[in-house]
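Trainee:
Protein chains in written order, with full-length UniProt numbering: chain A, 1 to 450; chain B, 1 to 423.
1. Compute the Euclidean distance between the alpha carbons of residue 4 of chain A and residue 273 of chain B, then round it to the nearest angstrom.
2. With distances taken Cα to Cα, identify the nearest neighbour of residue 372 of chain A among A:75, A:53, A:402, A:427.
3. Could you give the DSSP three-state label for residue 303 of chain B: helix, strand or coil?
4. Measure how close the beta-carbons of residue 134 of chain B and residue 105 of chain B come, nearest whole angstrom, since I'm counting them as under 8 Å.
5. Quick one: Cα of residue 89 of chain A to Cα of residue 63 of chain A, how far?
6. Measure from the C-beta of residue 379 of chain A to each C-beta in chain B and report whether the shortest distance is under 8 Å.
7. Which residues of the UniProt domain "NqrA second alpha/beta" (115 to 258) of chain A have a Cβ closer than 7 Å to any Cβ of chain B? Give them in chain order.
8. Run the CB neighbour count on residue 117 of chain A, radius 10 Å, all protein chains shown included, and call it buried at 16 or more, exposed below.
9. For a cutoff of 8 Å on Cβ pairs, would you count residue 423 of chain B as touching chain A?
10. Can you find a CB in chain A that lies within less than 8 Å of the CB of residue 344 of chain B?
11. Per DSSP, what are the beta-bridge partners of residue 32 of chain A in this structure?
12. Let me confirm a value: residue 305 of chain B is counted as buried when at least 16 other C-beta atoms fall within 10 Å, else exposed. Which label applies?
13. Work out the CA separation of residue 354 of chain A and residue 49 of chain B for me, nearest whole Å.
14. What's the call for residue 383 of chain A, buried or exposed, on a 16-neighbour Cβ count within 10 Å?
15. Nearest chain A C-beta to residue 224 of chain B closer than 8 Å, yes or no?
16. Give a yes or no on whether the minimum CB-CB distance between residue 54 of chain B and chain A is below 8 Å.
17. Residue 232 of chain A and residue 136 of chain A look like a contact to me (Cβ under 8 Å); what is the Cβ gap, rounded to whole Å?
18. Mind listing, in chain order, the continuous alpha helix (DSSP H) runs of no fewer than 4 residues lying wholly within the region 297 to 383 of chain A?
19. Find the nearest neighbour of residue 288 of chain B within the set B:207, B:167, B:308, B:351, judged by alpha-carbon distance.
20. Find the residues of chain A that neighbour residue 182 of chain B, judging by a C-beta separation of less than 7 Å, and give them in chain order.
21. Under the three-state reduction of DSSP, which class applies to residue 236 of chain A: helix, strand or coil?
22. Can you look up residue 89 of chain A in the DSSP assignment and give me helix, strand or coil?
23. Which residue comes first and which comes last in the alpha helix (DSSP H) that contains residue 145 of chain B?
24. Below 8 Å between beta carbons: does that hold for residue 58 of chain B and residue 138 of chain B?
25. Compare the C-alpha of residue 192 of chain A against each of A:170, A:217, A:166, A:221 and name the closest.
26. Is the region 303 to 316 of chain A touching the region 46 to 66 of chain A in the sense that three or more CB pairs, one from each, lie closer than 8 Å?
27. Going by Cα to Cα distance, which pick from B:45, B:142, B:190, B:73 is closest to residue 54 of chain B?
28. Going by C-alpha distance, which of B:182, B:211, B:200 is nearest residue 337 of chain B?
29. CB of residue 232 of chain B to nearest heavy atom of the ligand NAD: below 7 Å?
30. Would you please verify whether the beta carbon of residue 335 of chain A is less than 8 Å from any beta carbon of chain B?
31. Is the beta carbon of residue 10 of chain A less than 8 Å from the beta carbon of residue 386 of chain A?
32. Suppose only complete runs of 4+ residues qualify. What are the alpha helix (DSSP H) ranges in the region 335 to 373 of chain B, listed by chain order?
33. May I ask you to list, following chain order, the residues of the region 19 to 49 of chain B that have a beta carbon less than 9 Å from some beta carbon of chain A?
34. Counting only beta-carbon separations shorter than 8 Å, does residue 311 of chain A have a partner in chain B?
35. Can you list the alpha helix (DSSP H) stretches of 4 or more residues lying completely in the region 19 to 101 of chain B, in chain order?
36. Would you mind stating whether residue 323 of chain B and residue 174 of chain B have Cβ atoms separated by less than 8 Å?
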């Protein structure tokens with residue numbers, strides 16, 4: 001039974017710099033990087049040495065805890081450097097690309113007829129497995145699990161995030177292949193959500209439970225949809241995957257090649273001409289950033305959307321999961337009497353001499369300034385207004401902060417991911433790092449129980 | 001501005017680095033952030049943040065208190081002259097109330113209260129911040145404004161200073177500062193005064209400026225509050241009209257008298273989404289319910305005018321809301337987010353009992369006919385318990401769901417097979 005959901009609690013953040021619906025080809029990147037921070041909780045074991053020649057789709061390292069889970073290079077070239085940090089922890093792998101690309105060829109699998117075993121094996125071997133994430137814990141899925149359902153959100157509500165309806169156009173064949181494969185991996189349903197009025201390429205896929213979603217952010221987050229459709233209980237596992245990663249999986253199944261091509265939205269108020277670029281996972285951001293131009297020098301480049309992305313630099317590299325690169329001004333400046341003067345140019349969830357409620361359609365140019373200092377939790381009742389899940393956000397955050405495992409479990413930590421707390425973090429008056437608190441809580445719970 | 005001269009902003013920025021990692025850093029930062037919102041940026045998670053911070057929140061509450069404070073200043077002067085000269089016949093607000101004389105007398109009596117409250121309170125906050133090496137928190141900005149508004153006008157300043165020191169240290173800092181305290185600090189201060197110096201906190205002499213000084217002299221006058229008259233069943237001398245009580249031309253603590261301005265302040269706080277409307281509404285409902293019960297008892301004839309409680313019990317239930325401190329308590333004190341309940345359902349329960357208990361204590365307390373501050377302190381103590389049961393409801397729902405769920409067991413055999421196939 002497909003079910004339409006209307007989310008009422010939430011908050012849309014309207015920002016300047018949405019991507020125009022045109023796509024250009026980004027300049028070829030000379031150097032690619034695999035950033036290990038993208039794979040939370042994975043301890044890498046290298047399979048190749050510095051200086052080795054590798055093909056596109058060739059495994060470069062595996063997960064120490066699950067040897068069958070391989071991670072592959074997006075391009076063919078030379079592994080130039082293994083960047084290490086404190087205690088020789090691997091931070092990133094730098095790959096110098098060849099002029100002509102050579103791919104590792106896997107055997108072509110028909111997702112309709114292949115068994116779950118075969119599908120898991122090919123996904124693990126080809127480096128596609130890390131695209132599949134699991135709840136609880138918001139980590140790469142454990143291939144030994146059998147998820148009770150798989151959730152895919154095709155509804156985008158995060159500020160300035162790439163429009164999936166646009167970037168997925170023409171990819172129906174690959175999407176269908178991926179969906180057929182997922183159908184084999186779970187005895188439950190494959191839930192796919194789209195916007196209520198959208199003409200998403202996801203709508204006509206076979207073998208899915210289609211849900212039409214409406215409402216403000218975080219309605220588009222998969223966590224919100226899981227909570228409304230099929231909440232996770234203790235001991236249950238749900239897998240999630242983003243549609244643009246499904247394209248890569250589908251292409252692998254149908255062609256046997258790991259194709260790291262990705263359409264990326266370059267957005268944000270600091271970008272002169274925000275639009276879409278086709279590039280590859282791991283490509284240098286500057287290969288398309290300066291093609292669009294930047295407005296000022298003091299900028300923050302973010303891998304992902306402004307609410308959940310990770311900080312990078314213009315010479316940083318596109319993340320493994322990201323299809324949006326946001327560029328906004330840094331806010332490292334003081335503001336005279338910023339705490340008591342009327343505010344017209346910033347977004348606020350209150351009306352305490354802040355006037356964004358007067359102009360709900362207006363688009364804002366926000367900086368990275370915190371607009372105040374870190375404090376203890378003081379105000380109550382605000383998070384609940386933007387948090388649509390049946391969970392008490394403040395109480396869960398506090399349970400995580402004091403490492404109260406029983407309460408963390410009972411208050412619903414299994415159901416959430418850090419991204420679900422991005423909006424409460426945005427409106428937080430005490431400027432608490434909600435997503436970090438939840439991440440630490442999940443890690444602790446995983447270590448102790450999972 | 002020429003390039004050579006440093007702007008204030010740059011000077012302060014240099015000073016901030018100068019003081020960084022010294023013990024004076026919190027004190028300097030408190031002053032610096034008062035002038036400028038800091039240049040702090042986000043690092044991870046949400047890269048953008050909304051415009052509100054705790055300073056803005058607290059500032060909004062202070063703005064809602066300013067009209068009450070101004071009214072209190074005028075009313076202090078007005079009550080003093082009215083007690084000496086008699087309540088003016090054909091009273092006009094412009095001619096008799098908003099006069100320079102009233103303002104000046106009120107100003108020179110109320111201002112020292114404000115200065116002592118902020119001086120002592122913020123002094124201790126700065127001291128604790130320096131000792132404990134945390135930033136100076138904004139909680140006292142509101143507490144410091146509430147304190148002069150909830151004490152009798154002639155309270156000796158040293159008593160106020162001692163009470164503020166007690167309230168800030170024992171009521172807040174020992175728990176870890178703003179956000180961690182269990183009891184409302186302003187009410188802790190008032191409770192300390194009430195139990196340590198009861199003669200200065202109750203009776204018929206403390207509510208009007210000058211009454212204590214003149215007691216026993218030929219110029220002596222009384223400054224009984226409305227509730228004081230009612231508690232003594234002294235209804236005949238009680239000459240205040242409903243409109244006087246609503247607009248606040250009656251004796252009482254500095255800021256509590258004008259229900260009209262308190263309601264306006266409350267509406268502003270609800271509109272700006274700073275204070276919880278749930279607590280305010282349910283507290284009003286609670287107070288009306290208790291008032292109706294007492295009126296019913298009187299109407300049923302179970303209590304006669306010989307009873308010591310007759311005066312207060314027979315007082316029309318809705319008029320309880322416009323006398324005494326209940327309106328002020330409901331709008332500005334019960335809604336304190338730190339010491340109140342934190343869940344929305346909890347707020348309904350919490351507010352209701354504050355209103356209910358306020359009127360009950362008001363009627364039955366023989367020593368002092370007011371109950372709102374005790375009711376709020378009592379419910380502060382119970383707030384975590386109320387929240388606990390509300391949150392348990394959510395947990396039970398999750399448990400129930402778990403019971404009906406069928407868990408798909410993951411098998412280790414399957415895992416071994418996979419390993420064999422891929423490696």
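By construction, the Cβ of each residue, glycine as well, lies at the ideal position given by its N, Cα and C atoms.
Mentor: Short version:
1. Residue numbering aside, residue 4 of chain A sits at position 4 when the first chain is read from its first letter. Residue numbering aside, residue 273 of chain B sits at position 273 when the second chain is read from its first letter. If I take the Cα positions, the gap works out to 31 Å.
2. Along the first chain, one-based indexing puts residue 372 of chain A at 372. Of A:75, A:53, A:402, A:427, the smallest CA-CA separation from residue 372 of chain A is found for A:427.
3. On the second chain, position 303 is the one that residue 303 of chain B refers to. Residue 303 of chain B falls in the coil class under three-state DSSP.
4. Position 134 of the second chain, counting from 1, holds the residue named residue 134 of chain B. Position 105 of the second chain, counting from 1, holds the residue named residue 105 of chain B. With a Cβ gap of about 41 Å, residue 134 of chain B and residue 105 of chain B do not count as contacting.
5. Taking the first residue of the first chain as position 1, residue 89 of chain A is located at position 89. Taking the first residue of the first chain as position 1, residue 63 of chain A is located at position 63. When rounded, the separation of the alpha-carbon atoms in residue 89 of chain A and residue 63 of chain A is 14 Å.
6. Start at 1 with the first residue of the first chain, and residue 379 of chain A comes out as number 379. True, the Cβ-Cβ gap to chain B drops below 8 Å.
7. 117, 120, 121, 124, 125, 143, 144, 145, 146, 148, 187, 231, 233, 234, 235, 236
8. For this step, residue 117 of chain A is matched to residue 117 along the first chain. With fewer than 16 Cβ atoms within 10 Å of its Cβ, residue 117 of chain A is classed as exposed.
9. Your numbering for residue 423 of chain B matches position 423 in the second chain. Reliability of the predicted coordinates at residue 423 of chain B is poor, the pLDDT of 49 falling under 50, and no value is obtained from them.
10. Residue 344 of chain B sits at position 344 when you count from the first residue of the second chain. Yes - at least one Cβ of chain A is within 8 Å of the one on residue 344 of chain B.
11. Mapped onto the first chain, residue 32 of chain A falls at position 32. Note: residue 32 of chain A sits in a beta bridge opposite A:95, A:283.
12. Taking the second chain and counting its residues from 1, one reaches residue 305 of chain B at position 305. Its Cβ having fewer than 16 others within 10 Å, residue 305 of chain B is exposed.
13. As a first step, residue 49 of chain B is located in the second chain; it is residue number 49 there, counting from the start. As a first step, residue 354 of chain A is located in the first chain; it is residue number 354 there, counting from the start. Taking the straight line from one Cα to the other gives about 14 Å.
14. In the first chain, the residue the question calls residue 383 of chain A occupies position 383. Per the 10 Å Cβ criterion, buried.
15. Residue 224 of chain B sits at position 224 when you count from the first residue of the second chain. Cβ-Cβ to chain A under 8 Å: no for residue 224 of chain B.
16. As a first step, residue 54 of chain B is located in the second chain; it is residue number 54 there, counting from the start. Yes, residue 54 of chain B counts as interfacial toward chain A.
17. For the purposes of this step, residue 232 of chain A is identified with residue 232 of the first chain, where counting begins at 1. For the purposes of this step, residue 136 of chain A is identified with residue 136 of the first chain, where counting begins at 1. Indeed, because the Cβ distance is near 6 Å, the residues count as touching under 8 Å.
18. none
19. Residue numbering aside, residue 288 of chain B sits at position 288 when the second chain is read from its first letter. When each option's Cα is compared against that of residue 288 of chain B, the closest is B:351.
20. Your numbering for residue 182 of chain B matches position 182 in the second chain. Within 7 Å Cβ-Cβ: nothing; residue 182 of chain B doesn't reach chain A, min ~13 Å.
21. Locating residue 236 of chain A in the first chain gives position 236, counting from the first residue. Here residue 236 of chain A sits in coil by DSSP.
22. Stepping through the first chain from its first residue, residue 89 of chain A is reached at position 89. In the structure shown, residue 89 of chain A sits in coil (DSSP, three-state: anything other than H, G, I, E or B).
23. Position 145 of the second chain holds residue 145 of chain B. 139 to 149 is the span of the alpha helix (DSSP H), which, as asked, contains residue 145 of chain B.
24. Counting from 1 along the second chain, the entry for residue 58 of chain B is found at position 58. Counting from 1 along the second chain, the entry for residue 138 of chain B is found at position 138. Contact flag set, yes.
25. Residue numbering aside, residue 192 of chain A sits at position 192 when the first chain is read from its first letter. Closest by C-alpha distance to residue 192 of chain A, out of A:170, A:217, A:166, A:221, is A:221.
26. no
27. Sequence index remark: in the second chain, residue 54 of chain B carries index 54 (1-based). Answer by Cα proximity: B:142.
28. Position 337 of the second chain holds residue 337 of chain B. Cα-wise, what sits closest to residue 337 of chain B is B:182.
29. Looking at this structure, you won't find the ligand NAD or any other ligand, since it has none at all.
30. Start at 1 with the first residue of the first chain, and residue 335 of chain A comes out as number 335. It does; some Cβ of chain B falls within 8 Å.
31. Taking the first residue of the first chain as 1, we reach residue 10 of chain A at position 10. Taking the first residue of the first chain as 1, we reach residue 386 of chain A at position 386. A contact, by the Cβ cut-off of 8 Å.
32. 344 to 364
33. Within the region 19 to 49 of chain B, the residues whose Cβ lies closer than 9 Å to some Cβ of chain A are 29, 32, 33, 34, 35, 36, 37, 38, 39, 40, 41, 42, 43, 44, 45, 46, 47, 48, 49, listed in chain order.
34. To locate residue 311 of chain A, count along the first chain from 1; it is residue 311. By this cut-off, residue 311 of chain A is an interface position.
35. 25 to 35, 54 to 85
36. Counting from one through the second chain, the residue named residue 323 of chain B turns up at place 323. Counting from one through the second chain, the residue named residue 174 of chain B turns up at place 174. It is not a contact, given that the beta carbons lie outside the stated cut-off.
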